[in-house]
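So the structure is just underneath, and the comments pick up after that.
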Amino acid sequence: MDLSIEIAGIRFKNPLLPAAGPLTGDDSKIEYIASLGVGGIVTKTISSKPAKVPRPCIVATRDYVINAELWSEYGPERWIDEFLPKIRDIKLPKIISIGYTREQIEWLIPGLEDFADAFEISTHYVGKDIAPIAEVVNVATKITKRPVFMKLSPHMPDPVEFARAVTDAGAAGVVAINSLGPVYHIESKVGRSPLGSKDGYGWISGPVIKPVALSIVRRIKQALDIPVIGVGGIKDADDVVDFLEVGASAVGMLSSALIFGKEQYKRIINGLEDALRRRGYSSVKDAIGNKLSKEEAKYEVRNPVIDMEKCTLCKLCEYVCPYFAIRVSDHVEVNSDACFGCGLCESRCPTGAISGVLV
Ligand SMILES: Cc1cc2nc3c(=O)[nH]c(=O)nc-3n(C[C@H](O)[C@H](O)[C@H](O)COP(=O)(O)O)c2cc1C
1 MDLSIEIAGI RFKNPLLPAA GPLTGDDSKI EYIASLGVGG IVTKTISSKP AKVPRPCIVA
61 TRDYVINAEL WSEYGPERWI DEFLPKIRDI KLPKIISIGY TREQIEWLIP GLEDFADAFE
121 ISTHYVGKDI APIAEVVNVA TKITKRPVFM KLSPHMPDPV EFARAVTDAG AAGVVAINSL
181 GPVYHIESKV GRSPLGSKDG YGWISGPVIK PVALSIVRRI KQALDIPVIG VGGIKDADDV
241 VDFLEVGASA VGMLSSALIF GKEQYKRIIN GLEDALRRRG YSSVKDAIGN KLSKEEAKYE
301 VRNPVIDMEK CTLCKLCEYV CPYFAIRVSD HVEVNSDACF GCGLCESRCP TGAISGVLV
């Protein structure tokens, strides 16, 4: 099956990229991640000075990662003299992540240009005015011939306006999304946030942010015909297909590799053909943008239908029903007067015995 995609004239053998972060933080890490079969490389964000990273800087549960990392702990000189020359022979497109201000970008691009197939500009910007970001993109696109992608902070009040402004300023596309924050995590073992950052605040990513990322990618793609690299919460091949369906041309993943292990990249790539085939697609390109049609709100109430062949009488539907409409004994009774048609029972049923509500 053809898993390849093309964005801004660059061909990727498959759509899964490592999102900017510690796993692409120097040449040996990049080499290892490349060996797992990813479609391209996105480096850790390089800025004008090495980051002074507080420690500890990463904690995780099964559902999320919270980090207090900043950008690369290595300065641009180390990247240019040592890391980037060593990964030159890796035959994958290399997207170099850079940050943050207009002055830093202007200073960084000339030294990195030779090693880059494209640039991704990262941002920690949480302001509401898009103009300073658009200006950074404008400056970047004037000094490089490479495509420039702008990474979107989920804090932007209007992602569509953001995407429009940065592509009008010359960006080849957007990368959505960065981690969200500030967030605070209490580790029971220490009774407070374990992060070494000021006051213990960090930024959240991983499976819990996937619906936020999917929504932002979909809203941008419903409004604009521009390339979007979808990032946020991907943990398996089905998640990749979800992002493709809402219009992403490629995807980035980091946190699930931190939660479940780096081999997650390989597992996802190995599972991608199957995941696409199960949804009736015969290539990655086939899947892109298939879930973009706009729909009206619906108000019809549909009651759950129980398949007693599949039901194990586990009672979860009864326990969770917010409208007290289900009773389970040796069979399942649905009180159609009380049932609100909310859909929760069907989405929580562990055996797929409930249908008819979500349709
Ligand atoms: C430990 C860690 C370090 C990160 N470092 C960077 C970075 O240097 N530059 C950047 O643009 N995003 C950085 N991110 C954000 C990720 O690239 C990504 O946008 C975000 O984590 C959402 O994707 P995920 O849920 O697959 O991790 C970092 C995230 C984590 C967890």
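Take 1 as the starting number for the sequence shown in the working numbering and just add one per residue. For each residue, glycine too, the CB sits at the ideal point set by N, CA and C. Predicted model, so just to flag it, every value in this text is computed and none were measured.
Legend entry - With 16 other Cβ atoms within 10 Å as the buried cut-off, status of Gly200: Walking along the sequence shown from the start, residue 200 turns up at place 200. Result: buried.
Legend entry - C-beta atoms of Val148 and Val137 nearer than 8 Å: In the sequence shown, the residue the question calls residue 148 occupies position 148. In the sequence shown, the residue the question calls residue 137 occupies position 137. Yes, the Cβ-Cβ distance between Val148 and Val137 is below 8 Å.
Inset, instruction - Could you check what DSSP says for Ala60 in three-state terms: helix, strand or coil? - result: Translated into positions along the sequence shown, residue 60 becomes position 60. DSSP places Ala60 in the strand class (E or B) of the three-state scheme.
Inset, instruction - Throw me the rounded Cβ distance for the Glu7 and Gly181 pair, which I believe falls under 8 Å. - result: Counting from one through the sequence shown, the residue named residue 7 turns up at place 7. Counting from one through the sequence shown, the residue named residue 181 turns up at place 181. A quick correction: the sequence has Ile, not Glu, at residue 7. Contact between Ile7 and Gly181 is absent: CB atoms are separated by about 28 Å, not below the 8 Å threshold.
Legend entry - With 16 other Cβ atoms within 10 Å as the buried cut-off, status of Ser120: One-based indexing of the sequence shown puts residue 120 at position 120. The sequence given here places Glu at residue 120; Ser does not occur at that position. Glu120 is buried by the Cβ-count criterion.
Inset, instruction - Note the first and the last residue of the continuous alpha helix (DSSP H) segment covering Trp107. - result: The residue labelled residue 107 in the question sits at position 107 within the sequence shown. First-last of the alpha helix (DSSP H) with Trp107: Arg102 to Leu112.
Inset, instruction - Measure from the alpha carbon of Ser347 to the alpha carbon of each residue in Leu316, Lys298 and Ala325, then state which is nearest. - result: Within the sequence shown, numbered from 1, the residue matching residue 347 stands at position 347. In this structure, Leu316 is the residue among Leu316, Lys298 and Ala325 with its C-alpha nearest to the C-alpha of Ser347.
Inset, instruction - From the DSSP output, in three-state form, read off Pro371 for me. - result: Here the chain covers residues 1 to 359 and nothing more, so residue 371 does not appear.
Inset, instruction - Return the chain-ordered list of same chain residues with a C-beta closer than 6 Å to the C-beta of Arg278, the five sequence neighbours on each side being excluded. - result: Taking the sequence shown and counting its residues from 1, the one referred to as residue 278 is at position 278. Only residues of its own chain outside the window of five on either side were considered, and among them none has a CB closer than 6 Å to the CB of Arg278.
Legend entry - Heavy atom of ligand 1 within 7 Å of Gly233 beta-carbon: One-based indexing of the sequence shown puts residue 233 at position 233. Gly233: yes, Cβ under 7 Å from ligand 1.
Inset, instruction - Indicate, with yes or no, if ligand 1 has a heavy atom lying under 7 Å from the CB of Lys128. - result: Numbered from 1 along the sequence shown, position 128 holds the residue referred to as residue 128. Within the chosen limit of 7 Å, ligand 1 does not reach the beta carbon of Lys128 with any heavy atom.
Legend entry - Runs of alpha helix (DSSP H) wholly within the region 228-298 (minimum 4 residues, chain order): Correct list: 237-245, 255-260, 264-278 and 284-287.
Legend entry - Buried versus exposed, by CB contacts within 10 Å (16 or more), Ile186: Residue numbering aside, residue 186 sits at position 186 when the sequence shown is read from its first letter. Looking at its Cβ environment, which holds fewer than 16 other Cβ atoms inside 10 Å, Ile186 is exposed.
Inset, instruction - Can you tell me which of the three DSSP states Ala68 falls into? - result: Numbered from 1 along the sequence shown, position 68 holds the residue referred to as residue 68. Correct three-state label for Ala68: coil.
Inset, instruction - Can you have a look at Met1 and say buried or exposed, based on whether 16 or more other CB atoms are within 10 angstroms of its CB? - result: On the sequence shown, position 1 is the one that residue 1 refers to. With fewer than 16 other Cβ atoms within 10 Å, it is exposed.
Inset, instruction - Tell me whether Thr45 counts as near ligand 1, meaning its Cβ is closer than 7 Å to at least one heavy atom of that ligand. - result: In the sequence shown, counting from the first residue as 1, residue 45 sits at position 45. Yes, since a heavy atom of ligand 1 falls inside the 7 Å radius drawn around the Cβ of Thr45.
Inset, instruction - With DSSP collapsed to three states, give me the class of Lys91. - result: Walking along the sequence shown from the start, residue 91 turns up at place 91. Three-state DSSP puts Lys91 in coil, outside helix and strand.
Inset, instruction - Mind checking which residues open and close the beta strand (DSSP E) that includes Lys151? - result: Taking the first residue of the sequence shown as position 1, residue 151 is located at position 151. It spans Val148 to Leu152 - the beta strand (DSSP E) in which Lys151 sits, taken as one unbroken run.
Inset, instruction - For Pro110, collect the residues of the same chain with a Cβ closer than 8 Å to its Cβ; drop the 5 residues on either side in sequence, then sort them by chain order. - result: On the sequence shown, position 110 is the one that residue 110 refers to. Excluding sequence neighbours, Pro110 sits near Ile143.
Legend entry - Inside the region 134-203 only - alpha helix (DSSP H) runs reaching at least 4 residues: Listed in chain order, the complete alpha helix (DSSP H) runs (minimum 4 residues) inside the region 134-203 are 159-168.
Legend entry - Heavy atom of ligand 1 within 7 Å of Ala20 beta-carbon: On the sequence shown, residue 20 is found 20 positions in, with the first residue counted as 1. Yes, Cβ of Ala20 sits closer than 7 Å to a heavy atom of ligand 1.
Inset, instruction - Please classify Leu313: is it buried, with 16 or more other beta-carbons within 10 angstroms of its beta-carbon, or exposed? - result: By 1-based counting over the sequence shown, the position of residue 313 is 313. Counting Cβ neighbours within 10 Å, Leu313 comes out exposed, since fewer than 16 surround it.
Inset, instruction - Please state whether DSSP places Val217 in a helix, a strand or coil. - result: By one-based count along the sequence shown, residue 217 stands at place 217. If DSSP states are grouped into helix, strand and coil, Val217 belongs with the helices.
Inset, instruction - Report the option in Ser28, Gln104, Ser329 and Ile58 whose CA atom is closest to the CA atom of Ser205. - result: Taking the first residue of the sequence shown as 1, we reach residue 205 at position 205. Checking every option, the nearest Cα to that of Ser205 belongs to Ile58.
Inset, instruction - Could you tell me the distance, in whole angstroms, from the CA atom of Gly39 to the CA atom of Pro15? - result: As a working mapping, residue 39 is identified with position 39 in the sequence shown. As a working mapping, residue 15 is identified with position 15 in the sequence shown. Taking the straight line from one Cα to the other gives about 6 Å.
Legend entry - CA nearest to the CA of Arg55, picked from Ile46, Lys221 and Ala68: Translated into the one-based positions of the sequence shown, residue 55 becomes position 55. Per the C-alpha coordinates, the member of Ile46, Lys221 and Ala68 positioned closest to Arg55 is Ala68.
Inset, instruction - Can you check DSSP and say which residues form a bridge with Ala118? - result: As a position in the sequence shown, residue 118 is number 118, starting the count at 1. Secondary-structure assignment with DSSP links Ala118 through a beta bridge to Ile95.
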